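To start, the structure under review is shown below, and the notes come after it.
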Amino acid sequence: MPAIAPGALAEAPNYEAFRAPISREIRLHRRIDATVPQKWTLTQRHFVVGGQHLVLDDYPEIAVYSTQFEFEIVGWNVRLPYGEQDKIGREIIRKFLNLHAKAENSSLDEQEEAEWAEISKRVDYRRFAIERSPFRYVAGMLVSRSGDTECRVEWHTGERERIVGKSALAFSIFEPDEHFRGLARFGVGNHLVEITNLSPAPKLAEEDGERMWREWPVNR
Amino acid sequence: MPDVLPIARTRYRKPPVIERALVIHLGAPIVEEKFQFKADEWRTALVRDFPKLQTVTEWTLHVIEKEGMPVLDAAGQTMTLRQTFWQVTPEDKRRQGIQLWQDKISFNLLGELGNPRQFEELENLTSTWLPRWAVDFEVSACSGVTLQYVNLLSKETLPTFFENNQLKIGEAIRLFGGVPVQRNLLLPPFDFQVNVRVDDVEPKAHVSAHCLSVEAPADQGPIMHLRFTATTNLGQPPRSIPLENVKNEGRLTHNLIIEAFQAYFTDAAKATFEPYASDSPGSTS
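This is the structure we're talking about:
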């Protein structure tokens, strides 16, 4: 038997695709000073555009200037017109990469120098550096596979790693216990980010290394 | 695999339904980093099937009282960007789409007057794209579903209930029929919300009817959205059910909304929605 539900929300969640605006009235007893920007916290620290990733240490603040129909990403010296909120991530990444490139070439002017000092404090720079590290040669063995999107590998260092998603798909050509080599990029915690140019490889035993060392021309 | 529930049928050619949305909830949000990476990949992966991308901003206002005065408090104000993907008509009207949140995904089917779309279309949209979302966002379980139908109450959908730009709502919606005044004197706003717990189904559900006015020119008379929402996303800690159950829970919530629809509208209103003959093979959901 249905019963009136206790403790229900006053405002039910709505998943409608914004067909018609629904107004809500808030009564204030004095005018809001339109010259003072209203500040909002963007609930996002990770920005990804076209695979480029930037992580901020804190959630960025957005200041809305209602008299100028603009908003600003606070501390980034980036202003956008109303309605271009979808460009926030792109503009943050662009600004950072531009300043980063100039900083590497020591070509920042005075104003950019000040901006870079401010912006570089807001970005997880260590993370940025790791994620831009180049591919490196790896070898290892496929330990097990569960479907095409999850597997476990043992790297040549002896470390084992569970891999999921697109990277796991790259290993789908191998059977468990088969050895491989390829070019890989690792991220934070030395976890695989991307692997390419995978091909089967003969098993490298310890004696192979010793034999190679003995046979190395300068050691003969 | 659970037994598949039958879909309850309604009997109208022109119900006032203008939008249907099926939401699949997660017990815990996807980690932000993974979510943003996958959402970025979807922007290119889905572009052929959903050519119109739209970022929607959700603003949360926080008003506090300071020294007896209301103040907008920056500390509690947030904005959230949500990625949405749409198929559009040649006239650039949204037909159907997908909306992404960190803790849920919604499949939306948009109709219009005279074209309410069908639940089966929503089911097809979901069965095509839910598995893709599950693989790409690495999701294998959910905590329940919410189904929402939006009914438009206006001069266009209830023309026979308008007189001198006034809606005789007591003759169209049962709830108002019992108001102890002369029915045709009821004046807008007609906003209300009723929440009902449904314990005699498995899983348990809540059904709500939420009626609220939308902005309209004065000469149009009152325009409202009557939203029926049924959810199985209940309980704390959140349930964990395999995604295969989404189909059945979607059908269960659809059947509950059909019951609500039948219960809220008066027979006179339902007669104007052009009922099919009860045994007609054309009767649909």
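Keeping their order, the protein sequence lines are chains A and B. Numbering-wise, our numbering puts 118 at position 118 of the first sequence, and it's gapless, one number per residue. Numbering-wise, our numbering puts 416 at position 196 of the second sequence, and it's gapless, one number per residue. Backbone N, C-alpha and C fix where the C-beta goes; we use that ideal spot for every residue, glycine too. For clarity, every value in this text was computed on a predicted model and none was experimentally measured.
Own chain partners of residue i with C-beta closer than 6 Å, once the 5 adjacent residues on each side are dropped
i: E170(B); result: What is shown of chain B runs 221 to 505, which leaves residue 170(B) out entirely.
i: K490(B); result: none
i: E175(A); result: none
i: E91(A); result: V78
i: P271(B); result: none
i: E194(A); result: R185
i: P501(B); result: Because P501(B) carries a pLDDT of 47, less than 50, the predicted location of this residue cannot be relied on, and no value is offered for it.
i: V49(A); result: G89, R90 and I93
i: T35(A); result: none
i: A17(A); result: none
i: S503(B); result: Its pLDDT being 48, under 50, S503(B) is placed unreliably in this model, and the value from its coordinates should be taken loosely. Same-chain partners within the cutoff: R229, R231 and Y496.
i: H179(A); result: M141, A201 and K203
i: L198(A); result: A170, F180 and G182
i: L446(B); result: N371, L373 and C431
For residue i: DSSP bridge partner residues
i: K286(B); result: M289(B)
i: I163(A); result: C151(A)
i: H426(B); result: R417(B) and T451(B)
i: H445(B); result: L372(B) and L432(B)
i: S106(A); result: Bridge partners of S106(A): none, in fact.
i: I461(B); result: C362(B)
i: E194(A); result: R185(A)
i: G390(B); result: DSSP output for G390(B) lists no bridge partner at all.
i: K272(B); result: W306(B)
i: F382(B); result: L387(B)
i: K258(B); result: Looking at the DSSP assignment, K258(B) forms no beta bridge with any residue, so it has no partner.
i: K39(A); result: A63(A)
i: K324(B); result: H245(B)
i: H179(A); result: M141(A)
i: F485(B); result: I393(B)
i: L56(A); result: V123(A)
i: S172(A); result: Partner(s): none; S172(A) has no beta bridge.
Within 9 Å, strictly: CB atoms of residue i and residue j
i: N77(A); j: K102(A); result: no
i: T348(B); j: L242(B); result: no
i: C362(B); j: L246(B); result: yes
i: I478(B); j: C431(B); result: no
i: G89(A); j: F135(A); result: no
i: L97(A); j: S120(A); result: no
i: T451(B); j: G364(B); result: yes
i: F396(B); j: L406(B); result: yes
i: L463(B); j: A354(B); result: yes
i: D260(B); j: G51(A); result: yes
i: P423(B); j: R459(B); result: yes
i: I244(B); j: T346(B); result: yes
i: F448(B); j: P236(B); result: no
i: W262(B); j: L320(B); result: yes
i: A429(B); j: A488(B); result: no
i: K87(A); j: V64(A); result: no
i: R145(A); j: E252(B); result: no
Close beta carbons around residue i, own chain, < 7 Å, minus the five adjacent residues each side
i: T41(A); result: Y59 and E61
i: T280(B); result: Q297 and T298
i: E115(A); result: N77 and L99
i: G441(B); result: K375, F382, N385, Q386 and L387
Status (buried if at least 16 other CB within 10 Å, exposed otherwise) for residue i
i: M444(B); result: buried
i: R314(B); result: buried
i: L9(A); result: Note that L9(A) scores a pLDDT of 48, beneath 50, so its modelled location is shaky; the value from the coordinates is reported in the next line. Counting Cβ neighbours within 10 Å, L9(A) comes out exposed, since fewer than 16 surround it.
i: Y82(A); result: exposed
i: F69(A); result: exposed
i: V138(A); result: buried
i: N465(B); result: buried
i: H474(B); result: buried
i: G105(A); result: In the sequence as presented, Gly is not what sits at residue 105(A); that position holds Asn. With fewer than 16 Cβ atoms within 10 Å of its Cβ, N105(A) is classed as exposed.
i: Q508(B); result: With chain B covering only 221 through 505, there is no way to say anything about residue 508(B).
i: P258(B); result: According to the sequence as given, residue 258(B) is Lys; it is not Pro. Counting Cβ neighbours within 10 Å, K258(B) comes out buried, since at least 16 surround it.
i: H426(B); result: buried
i: L333(B); result: exposed
i: A295(B); result: exposed
i: Q111(A); result: exposed
i: W306(B); result: buried
i: I318(B); result: buried
i: E118(A); result: exposed
i: H53(A); result: buried
Beta-carbon proximity list for residue i, same chain, < 8 Å, skipping 5 on both sides
i: H191(A); result: E161
i: P379(B); result: T492
i: P2(A); result: Residue placement at P2(A) is flagged as unreliable, the pLDDT there being 48, under the threshold of 50; a coordinate-derived value is accordingly withheld.
Counting pairs of Cβ atoms below 8 Å between the segment 298–310 of chain B and the segment 260–278 of chain B, do you hit three or more?
-> yes
At least 3 beta-carbon pairs within less than 8 Å: the segment 480–495 of chain B vs the segment 453–466 of chain B | no
The segment 342–361 of chain B in contact with the segment 409–419 of chain B per 3-pair CB rule at 8 Å = no
Three or more C-beta pairs below 8 Å linking the segment 158–167 of chain A and the segment 138–150 of chain A = yes
Three or more C-beta pairs closer than 8 Å, one from the segment 324–338 of chain B and one from the segment 285–294 of chain B: is that the case here?
-> no
Listed from N- to C-terminal order along the chain, which residues in the segment 309–340 of chain B have their beta-carbon within a distance smaller than 8 Å of any beta-carbon of chain C?
-> In summary, chain C is missing from the structure at hand, where the protein chains are A and B.
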